[in-house]
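Laid out in structure tokens, this is it:
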């Protein structure tokens, strides 16, 4: 499953694509993660599954601050 989110700007659009990946799949300790690719600059953030809740909680906190 892949999740895509796009924001259209005045000059161009920016998109975020998230999908499950396996980090170090051939090692003794492979790790499931989510890759988050941000376009157009193609930056990638790998978030281990055990840290996804922490990431989302932090984003929700920033949203709450922005709404005040």
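Residue numbers (the working numbering): 3 to 70.
Note that the Cβ used here is the ideal one computed from N, Cα and C, for glycine as well.
Bear in mind the structure is a predicted one, so any value in this text is a computation, not a measurement.
I need the boundaries of the beta strand (DSSP E) containing residue i, first residue and last residue.
i, result
"residue 46", "45-50"
"residue 39", "33-41"
Quick one, which of the options has its alpha-carbon nearest residue i's?
i, options, result
"residue 20", "37, 26, 8", "37"
"residue 43", "5, 14, 61, 3", "14"
"residue 23", "12, 4, 9, 65", "4"
"residue 31", "50, 39, 62", "50"
Give the DSSP-derived three-state secondary structure of residue i in the structure shown.
i, result
"residue 12", "coil"
"residue 17", "strand"
"residue 6", "strand"
"residue 22", "strand"
Cβ atoms of residue j and residue i: under 8 Å apart, would you say?
i, j, result
"residue 25", "residue 7", "no"
"residue 41", "residue 16", "yes"
"residue 48", "residue 35", "yes"
Residue range of the alpha helix (DSSP H) that residue i falls in?
i, result
"residue 63", "54-69"
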